[in-house]
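Number of protein chains: 2
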Amino acid sequence: MPMYRINFSEFFTSAFSVDCIIFGFSDSKIKALLIKRAMEPFNHFWAVPGDLVYPKEDLPEAAERILYELTGLKGIQMHQSQSFGNPERHPQGRVITVAYFALIKIDDFKIEASSWAEDIKWMAIDEIPALAFDHNHIIKSTYEMLKIKLANEPVVFDMLPKRFTLNQLQQLYEYASATEMDKANFRKKIKNIPLKAHNEKQQNVKHRPAKLFSFDSKKYISLSKDLNYRFKL
Amino acid sequence: MPMYRINFSEFFTSAFSVDCIIFGFSDSKIKALLIKRAMEPFNHFWAVPGDLVYPKEDLPEAAERILYELTGLKGIQMHQSQSFGNPERHPQGRVITVAYFALIKIDDFKIEASSWAEDIKWMAIDEIPALAFDHNHIIKSTYEMLKIKLANEPVVFDMLPKRFTLNQLQQLYEYASATEMDKANFRKKIKNIPLKAHNEKQQNVKHRPAKLFSFDSKKYISLSKDLNYRFKL
DNA sequence: GCAAAAGTGTTTGGATTACACCCATGC
DNA sequence: GCATGGGTGTAATCCAAACACTTTTGC
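Chains as they are written, first to last, in the working numbering: chain A, 1 to 233; chain B, 1001 to 1233.
Here it is in structure tokens:
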């Protein structure tokens, strides 16, 4: 006689949410997009944007929805980070949260506070104040995951303008890896990464303008078919 | 006037579970411990051991409990994998699951089916049949995470006997990285990893017995304090 | 002695590092 | 011309791959 182990309605009393850490790059720094909450709990606290998951919604869908509601951006690749389920983490009940992160080009959209936030701001990852809930912890461990991704998958280019200089790429690399590197050596290091050089230069700089590059995703895909090739930054 | 966004009891209608993928190593293969379910849903299907999380229980606690109930092992480090929340994944309601994994020494315990399983078995990672729920998917993505951990943190030693031969270490490495490697070169590759050599040899082999080694975790900890040192397998 | 695996040394080519130097632009 | 960063070449060094060879055990 088969038995159902789950027959206690007491188990179906929890909620879950998705929190989205949105990373961007400007002023040589990696930043996260934070909102100032305009609701309880943690009213007026800075926080990672997040929302409860709808009953019929899958997790990646929820993450995309939150990103869209916040930035108007669609079609951005989302990456799952970790889940956090401390029973005390939410004052209103048992809510576990799944953290997702997105990498976006800061210039691609205009930030504006939505109805459920009274302010919104990019904050450099090393200048983040005390946040609502366990959000400091969530950001910290998600940033660790970001760094691993950046080193092993071609996602840096999601944070850079479509056309970027090699120096921008180097600055992003140096910030994420917390190192400094010789310019010539950096260029040798990335020579396995397929970049398209354009006949176009940086504008409005008071020194020799740098050449602009873009990531050659077509070439990357064909390279990836070779099992000996592995992206490494 | 502060408003609570969460005031709909309809949100607190989901449950969550923790699934534990327990990895071990024997016969030169990485294996996972699976149970044959003795309950609905998916009665008589092979599955990853898992359970609902108790209302007052944190996620890592739940993972440790499940490991203990299944193997009797305590004090094993658990690692969080990914979460899975497809609304259709559980036939009895909305259940999202957080996958955890543990690496254990297969010889350290005797497996025996518990009350909620009719059978239990180690299965090589590339010989796993169709499982209950979305468990094939869960195992696959957790195995990918395992491979990354193995390469970057000294967790291989959790899967090997306390004293092991260099060839065992190499076989585990080769299985996980799906490569073959020259013996001499492998030994050069691992010379940064702190190992203690013992005056003890393999027994009952019909060839020259190999020396036994153990991981020198004391030395590893002091090495880790040097920011230039990074474990790499 | 033979089979089988343990264990070590040498050579070579490619990648990483340190460092030096030249180039283009604005003011 | 000079300040500022863009861009490149060279030599020394380290590291990984290929391969050959010696050693120790059981039978």
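Glycine included, C-beta positions come from ideal geometry on N, C-alpha and C.
Closer than 8 Å, CB to CB, is residue i near chain B or not?
| i | result |
| --- | --- |
| A/Asn-86 | yes |
| A/Lys-232 | no |
| A/Ser-214 | no |
Note down, in chain order, each residue of its chain lying with its Cβ closer than 6 Å to the Cβ of residue i, except the 5 sequence neighbours on either side.
| i | result |
| --- | --- |
| A/Phe-186 | Gln-170 |
| B/Phe-1025 | Met-1159 and Leu-1172 |
| A/Ala-62 | Val-18 and Val-53 |
| B/Pro-1268 | Outside the displayed span of chain B (1001 to 1233) sits residue 1268 of chain B, for which this structure offers no information. |
| B/Ser-1141 | Gln-1082 |
| A/Phe-157 | Phe-215 |
Measure the CB-CB distance between residue i and residue j and report whether it falls below 8 Å.
| i | j | result |
| --- | --- | --- |
| B/Thr-1071 | B/Phe-1109 | yes |
| A/Lys-181 | A/Leu-172 | The sequence as given places Met at residue 181 of chain A; Lys does not occur at that position. Cβ atoms of A/Met-181 and A/Leu-172: not closer than 8 Å. |
| A/Val-95 | A/Gln-80 | no |
| B/Ala-1102 | B/Ile-1076 | yes |
| A/Leu-73 | A/Ile-104 | yes |
| A/Ile-21 | A/Tyr-175 | no |
| A/Ser-114 | A/Glu-40 | no |
| A/Ser-14 | B/Ser-1014 | yes |
| B/Ile-1138 | B/Asp-1019 | yes |
| B/Gln-1203 | B/Thr-1165 | no |
| A/Tyr-100 | A/Met-123 | no |
| A/Val-151 | A/Leu-233 | For the sequence presented, residue 151 of chain A should be read as Ala rather than Val. In this structure, A/Leu-233 lies closer than 8 Å to A/Ala-151 by Cβ. |
| B/Ile-1120 | B/Ile-1106 | no |
| B/Leu-1195 | B/Asp-1216 | yes |
Can you pull the chain B neighbours of residue i, defined as C-beta to C-beta under 7 Å?
| i | result |
| --- | --- |
| A/Lys-14 | Sequence inspection shows Ser at residue 14 of chain A; the Lys mentioned does not correspond to that position. Within 7 Å Cβ-Cβ: Phe-1012, Ser-1014, Ala-1015 and Phe-1016. |
| A/Arg-94 | Pro-1055 |
Can you list, in chain order, the residues of its chain with a C-beta nearer than 7 Å to that of residue i? Leave out the 5 residues immediately preceding and following it.
| i | result |
| --- | --- |
| B/Ser-1017 | Gly-1050, Asp-1051, Leu-1052, Val-1053, Val-1095 and Thr-1097 |
| B/Lys-1162 | Ser-1214 |
| B/Tyr-1143 | Ile-1125 |
| B/Glu-1064 | Met-1078 |
| B/Ala-1197 | Lys-1211 and Phe-1213 |
| A/Asn-167 | Ala-210 |
| A/Ile-66 | Val-18, Cys-20, Pro-49, Gly-50 and Asp-51 |
Please confirm whether residue i has its beta-carbon closer than 8 Å to some beta-carbon of chain A.
| i | result |
| --- | --- |
| B/Met-1003 | Here B/Met-1003 scores only 42 on pLDDT, less than 50, and its place in the model is too uncertain to base an answer on. |
| B/Arg-1065 | no |
| B/Pro-1055 | yes |
| B/Asp-1134 | no |
Using the beta-carbon of each residue, which ones in chain A are nearer than 8 Å to residue i?
| i | result |
| --- | --- |
| B/Gln-1077 | Those within 8 Å of B/Gln-1077 in chain A number zero; the least Cβ separation is about 16 Å. |
Residue i touches chain B at which residues, Cβ-Cβ below 8 Å?
| i | result |
| --- | --- |
| A/Ser-83 | Leu-1059, Gln-1080, Ser-1083 and Val-1098 |
Give the C-beta separation of residue i and residue j to the nearest angstrom, bearing in mind that I take them to be a contact with Cβ-Cβ under 8 Å.
| i | j | result |
| --- | --- | --- |
| A/Gly-259 | B/Asp-1058 | Any property of residue 259 of chain A remains undetermined from this structure, which presents chain A solely from 1 to 233. |
| A/Phe-133 | A/Phe-231 | A/Phe-133 to A/Phe-231, Cβ: 35 Å. No contact. |
| A/Ala-32 | A/Ile-128 | 7 Å |
| A/Pro-154 | A/Tyr-220 | 6 Å |
When every heavy atom of the ligand ZN is checked, does at least one fall within less than 7 Å of the C-beta of residue i?
| i | result |
| --- | --- |
| B/Asp-1027 | By its list of ligands, the structure shown contains no ligand whatsoever, and the ligand ZN lies outside what it can speak to. |
Which residues in the same chain have their Cβ closer than 8 Å to the Cβ of residue i, if we skip the five residues on either side of it in sequence?
| i | result |
| --- | --- |
| A/Leu-131 | Leu-34, Phe-45, Trp-46, Ala-47, Val-48 and Ile-139 |
| B/Pro-1087 | Arg-1094 |
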